[in-house]
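Single-structure report; data block below.
4 protein chains.
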Amino acid sequence: MSDATIVKLNCPDAVGLLARLTGFVAERGGNLLEVHQFTDPESGWFFARMAVDSATLPGGLDGFRRDFLPLARDLRAEWSIRRESRRMRMVILVSKLPHCLGDLFLRWRLGDLPVEIPLVISNHADLEPLVAREGVPFLHVPVDPDRKEEAFRTIAAAARDAGADVLILARFMQILPEWLCAEFSGRILNIHHSFLPAFVGANPYRRAYERGVKLIGATCHYATPDLDQGPIIDQEVMRVEHSHGPEDLLRLGRDCERLALARGVRYHVTDRVLIHGSRTIVFKD
Amino acid sequence: MSDATIVKLNCPDAVGLLARLTGFVAERGGNLLEVHQFTDPESGWFFARMAVDSATLPGGLDGFRRDFLPLARDLRAEWSIRRESRRMRMVILVSKLPHCLGDLFLRWRLGDLPVEIPLVISNHADLEPLVAREGVPFLHVPVDPDRKEEAFRTIAAAARDAGADVLILARFMQILPEWLCAEFSGRILNIHHSFLPAFVGANPYRRAYERGVKLIGATCHYATPDLDQGPIIDQEVMRVEHSHGPEDLLRLGRDCERLALARGVRYHVTDRVLIHGSRTIVFKD
Amino acid sequence: MSDATIVKLNCPDAVGLLARLTGFVAERGGNLLEVHQFTDPESGWFFARMAVDSATLPGGLDGFRRDFLPLARDLRAEWSIRRESRRMRMVILVSKLPHCLGDLFLRWRLGDLPVEIPLVISNHADLEPLVAREGVPFLHVPVDPDRKEEAFRTIAAAARDAGADVLILARFMQILPEWLCAEFSGRILNIHHSFLPAFVGANPYRRAYERGVKLIGATCHYATPDLDQGPIIDQEVMRVEHSHGPEDLLRLGRDCERLALARGVRYHVTDRVLIHGSRTIVFKD
Amino acid sequence: MSDATIVKLNCPDAVGLLARLTGFVAERGGNLLEVHQFTDPESGWFFARMAVDSATLPGGLDGFRRDFLPLARDLRAEWSIRRESRRMRMVILVSKLPHCLGDLFLRWRLGDLPVEIPLVISNHADLEPLVAREGVPFLHVPVDPDRKEEAFRTIAAAARDAGADVLILARFMQILPEWLCAEFSGRILNIHHSFLPAFVGANPYRRAYERGVKLIGATCHYATPDLDQGPIIDQEVMRVEHSHGPEDLLRLGRDCERLALARGVRYHVTDRVLIHGSRTIVFKD
């Protein structure tokens, strides 16, 4: 089966950058399947993602990485090179609401999310049956308000043991401690149930109802210690009318949440997102 | 030509309300062209809009109003009855940006906005030619930061003289004094260039860019003394990508502004909006 | 728990119709929770849906129906009266694709689809595990091209035995015989994977790709003997780009299909759809 | 003021293509402002657009073109190189409907459409005042059904005399003769008032109403001798409800038409569209 080697990179902009990068691949006979690049004129920064047919890189992944090192250093680049076939390991954190988790499972089974799911962690036992029937291990870690730190130590240890590349907060409803955000920086995705920056914090649907907005939405973003302030990956909105009460907003919003989270997760696990300060560069497929 | 008599009403909910209202019309032989009603279970409030074929109301507008009075009093209703053919007089306030004004003119000429436009007022002279060629009077009232009050007295007097039923702030860029908001309460429409409540205040596109949102938008709302807090009539959003710089957001946002404002204005001038606290009931056509 | 009695009705338009209907409810002390009505000026036809608090109808459902009969006859109305608490029995027909079925199950478990699901029928065995784990009976009826009629007799008998109020074709991929469409007329919902009337028939995504459209979509409609010509209940679209190949359209289209089908089903099973020739009146919630 | 040199190119795909193209620019010290490329795996074809800072190309446009020629030949490429500052000359054809024309003028005045408009041609005199007040020449060419050929000869001659780079059919309502489509192949943009391929031909809104669709739309496409079959550049849709009659669809559809046409025109006149058979590659900004 075909496999792609994914190069992700960002560095200060310079004349001839793309020529050097694509030239590097071409010199090795690498066949580019997909190239995305973007130069941000505001910050003078360059971003690229290249997908190379792995079969056309005779030196293998390690050889390619070794060869790339001097170039990357010269460009002062932050970079990663990964085989698509080495799927990310995604650990999902949930509370009691099943819709985002159920939706991720559905897409996973369809092949839309190329990941391993080694573990689901929850502070409640409610969703255990939903997880069990997918054959995925479930860990129940109650988060006692007085012993939060301990709970999060347990959660972090479990995520590490599961070899987590990425954590998904699928309506987890708990604020992560700073050290956990730091440890998995750029690798924790949250779904917030509003079109951020509107309705940061608790009860966004209720507040949306009270403000009388004509749109509701959801935002998939990277979790940072500042609540709901992390870089946004994707957003989804839906029109609502005066006749929609708070319960209707909850119901309609679920579709926004499912769509925004599913797209955000897909972009992340296929190495299509680069973080740049408070913004993201998303090379969509 | 056919004409409709529009009844707008809101009152405390009660059993049999709609039956009484529609019964009142039926007893007089009135032919209902369109009925909208909504009961808000949260507040126990009832809202309705009825369009009656004027030709089927033999007593004329005054007779119909007189007959309606006891019923309205009994229901403790806030209400209005208006002939569609008596078009609202709409005074538009602008600064230097032509896109919203130009768009309103275009729709007005197409017959999509059934209003009179007796006057356009601006704190700058830039848009005078655009207004003049439509044959609409233009009043230039510079708003000197030190003599704002005086300027707004002039503006209000001109609006009164023009017989304004409604004021449209088509990117007017000035905060109205409280007394003016009060005088035209529920009759001043503003277009804000963000999907409120996100980015209240100045420079929303710049702040949207910096926050890295994946949607931009615009909000048409009633102006109140609390900046950008008035009841929302309509909103519009558009997807943006990382490649869109601040200038692109300005450009793309113009379409959101034009659409949200045009719809909001149309709903208002066709008596389709009822204000209820911070929310609006919009009986769309 | 509260329950609503749903009156659905359509008849020739006449002056005073809504007054008579709401008056009928009011005279019996019925508390209207929700009213929707629409008069089609093109055909001179009237459509209404009223939700009455069942607790305020002392005569019970049968009494209410009996009382309503003379009025309905007088209006020459087609009508139904149903208790919300008497959930429709929904039989789902599928082939091999799980996304629509899985999505319906997810919403059903969340309480968004107030139905019973007594049976899932498929011409393939693939989805049996997905159905079994929901505790829903699964019937495998292979549809041999040479013995289609026999297969559909079996399917129809099973649906009847299950007490089906409505059949959902959740990507069933088989054309129903005319007699089956007739037997369940107005009670079979299909999801077609294009924004009809574009791409009627087979392989719509492939043809959409070849035509180079910039939008793909899905349509939930009532099944009729004329393939893909039945009255449309809801549609959903999504933007696509030149970079999306046929496989991407399949993937992205799944979200359109899931959303359009879920909304269509919800409208139908909550008695919010009235069919009028080739059009539907949908009183959305 | 800054200027960009735009290179547009398509050719058979090959390993190292992008490296050669960007290398060519880099060797000359050219600073790439923007690069877009796309490889179509279905057809094995490569498409690119590069924007180079003109100030960094010391040999000027002619020198750059001359240098590029051998490379382009070697790649068997179809290509163009153009200075952004050399604005396209856009001739607009209209009938009686002003909304698309008025919208194009509005965007032109705002600077969103970087073109010259040397001429507007119409088969009716109605829009002459709208054109005159923009200071744009207006040519009235009645299209007599019996003498169509003659009329189109006149139209073509006027377009040629005006130095037209592109023709815009802004609701022109006439079918162009084949020879005219051929002469301006890939340079005539039409706006069709449906989401093609639905409702090809006349009266799409009426037919959309009769079919009972829940979405209406508009399509901007290149005109070809096969009516409404040309490559699609952009499409726009809007939700409609059962309450929208044929007149409402006309009104709501105007916004779809304006938006789809405006975007399509902008993409074309900024050299962002490449045609590939019946499909377009659109490198959006």
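For the record, the sequence lines run as chains A, B, C and D.
Its first residue numbered 331, the first sequence is counted upward by one per residue in my numbering.
Its first residue numbered 331, the second sequence is counted upward by one per residue in my numbering.
Its first residue numbered 331, the third sequence is counted upward by one per residue in my numbering.
Its first residue numbered 331, the fourth sequence is counted upward by one per residue in my numbering.
Think of the CB as a built atom: it goes at the ideal place given N, C-alpha and C, for glycine as much as any other residue.
Is the shortest distance between the beta-carbon of residue i and the beta-carbons of chain D less than 8 angstroms?
{"i": "P457 of chain B", "result": "The sequence given here has Leu at residue 457 of chain B, not Pro. No, its Cβ sits nowhere closer than 8 angstroms to a Cβ of chain D."}
{"i": "G346 of chain A", "result": "yes"}
{"i": "V432 of chain B", "result": "Before going further, note that residue 432 of chain B is Gly rather than Val in the sequence given. For G432 of chain B, the answer is yes, since a Cβ of chain D falls inside 8 angstroms of its Cβ."}
{"i": "L440 of chain B", "result": "yes"}
{"i": "H598 of chain C", "result": "no"}
{"i": "L591 of chain B", "result": "no"}
Taking only beta-carbon positions, decide if residue i is within less than 8 angstroms of chain A.
{"i": "R584 of chain B", "result": "no"}
{"i": "L391 of chain B", "result": "no"}
{"i": "V365 of chain D", "result": "yes"}
{"i": "L436 of chain C", "result": "yes"}
{"i": "H454 of chain C", "result": "no"}
{"i": "R328 of chain C", "result": "Because residue 328 of chain C is not part of the residues shown, which for chain C are 331 to 615, the question remains open."}
Quick one: residues in its chain with C-beta nearer than 6 angstroms to the C-beta of residue i, no 5 flanking neighbours on either side, listed in chain order?
{"i": "E364 of chain C", "result": "A381"}
{"i": "V599 of chain C", "result": "M418, V445"}
{"i": "W409 of chain C", "result": "L339, A402"}
{"i": "V466 of chain A", "result": "I447, V450"}
{"i": "T484 of chain A", "result": "V471"}
{"i": "H522 of chain D", "result": "T549, D558"}
Measuring alpha carbon to alpha carbon, tell me which of the options ends up nearest residue i.
{"i": "P472 of chain B", "options": "B:D456, B:V461, B:W409", "result": "B:D456"}
{"i": "D556 of chain B", "options": "B:C586, B:R593, B:C511, B:E408", "result": "B:C511"}
{"i": "F354 of chain D", "options": "D:A538, D:P342, D:L399", "result": "D:L399"}
{"i": "E414 of chain B", "options": "B:V612, B:L440, B:R602, B:T610", "result": "B:R602"}
{"i": "G441 of chain D", "options": "D:F482, D:R596, D:L387, D:D474", "result": "D:R596"}
{"i": "E480 of chain B", "options": "B:P507, B:E357, B:L519", "result": "B:P507"}
{"i": "P448 of chain C", "options": "C:L579, C:R437, C:V421", "result": "C:V421"}
{"i": "L339 of chain A", "options": "A:P388, A:S384, A:A402", "result": "A:A402"}
{"i": "Y535 of chain A", "options": "A:H551, A:G390, A:C586", "result": "A:C586"}
{"i": "F394 of chain B", "options": "B:E540, B:D476, B:Y539, B:A334", "result": "B:A334"}
Take residue i and list the residues in its own chain whose beta-carbon comes closer than 7 angstroms to its own, dropping the five residues that flank it on each side.
{"i": "S608 of chain A", "result": "P561"}
Within the 8 angstroms Cβ cut-off, does residue i reach chain C?
{"i": "A356 of chain B", "result": "yes"}
{"i": "E372 of chain D", "result": "yes"}
{"i": "E479 of chain D", "result": "no"}
Report yes or no: is there a C-beta of chain B within less than 8 angstroms of the C-beta of residue i?
{"i": "L545 of chain C", "result": "no"}
{"i": "N361 of chain C", "result": "yes"}
Given residue i, which residues of its chain have a CB within under 8 angstroms of its CB, disregarding the five upstream and five downstream residues?
{"i": "E458 of chain B", "result": "S452, F468, H470"}
{"i": "G531 of chain A", "result": "L557, D558"}
{"i": "L460 of chain C", "result": "P428, L431, G432, F435"}
By the criterion of Cβ-Cβ separation under 7 angstroms, what are the contact partners of residue i in chain C?
{"i": "G353 of chain B", "result": "A349, G353"}
Under 7 angstroms Cβ-Cβ, which residues of chain D neighbour residue i?
{"i": "G542 of chain C", "result": "P561, I562, S608, R609, T610"}
Mind listing the chain C neighbours of residue i? Cutoff is C-beta to C-beta under 8 angstroms, in chain order.
{"i": "G429 of chain A", "result": "Sequence check: residue 429 of chain A is His here, not Gly. L436, L440, listed in chain order."}
{"i": "A528 of chain D", "result": "F525, L526, P527, A528"}
{"i": "F368 of chain D", "result": "H572, S573"}
In chain D, which residues lie less than 8 angstroms from residue i when you measure between Cβ atoms?
{"i": "D578 of chain B", "result": "D615"}
Residues of chain C with CB under 9 angstroms from residue i, in chain order?
{"i": "S515 of chain D", "result": "Result: empty, since nearest Cβ-Cβ is about 17 angstroms, beyond 9 angstroms."}
For residue i, return the contacting residues in chain B, with the cut-off set at a CB-CB distance below 7 angstroms.
{"i": "V567 of chain A", "result": "L545, V567"}
{"i": "R581 of chain D", "result": "D442"}
**Prompt:** Counting only runs that start and end within the stretch 332–378 of chain D, where is the beta strand (DSSP E) found for 3 or more residues in a row?
**Reply:** Counting only runs of 3 or more, we get 334–342, 362–370.
**Item:** Sequence ranges, beta strand (DSSP E) only - wholly within the stretch 442–488 of chain B, length at least 3
**Value:** Listed in chain order, the complete beta strand (DSSP E) runs (minimum 3 residues) inside the stretch 442–488 of chain B are 445–452, 468–470.
**Request:** Scan the stretch 534–608 of chain C and note each continuous beta strand (DSSP E) run of 3 residues or more that stays entirely inside, going in chain order.
**Result:** Segments of the beta strand (DSSP E) lying fully in the stretch 534–608 of chain C: 545–552, 562–569, 603–606.
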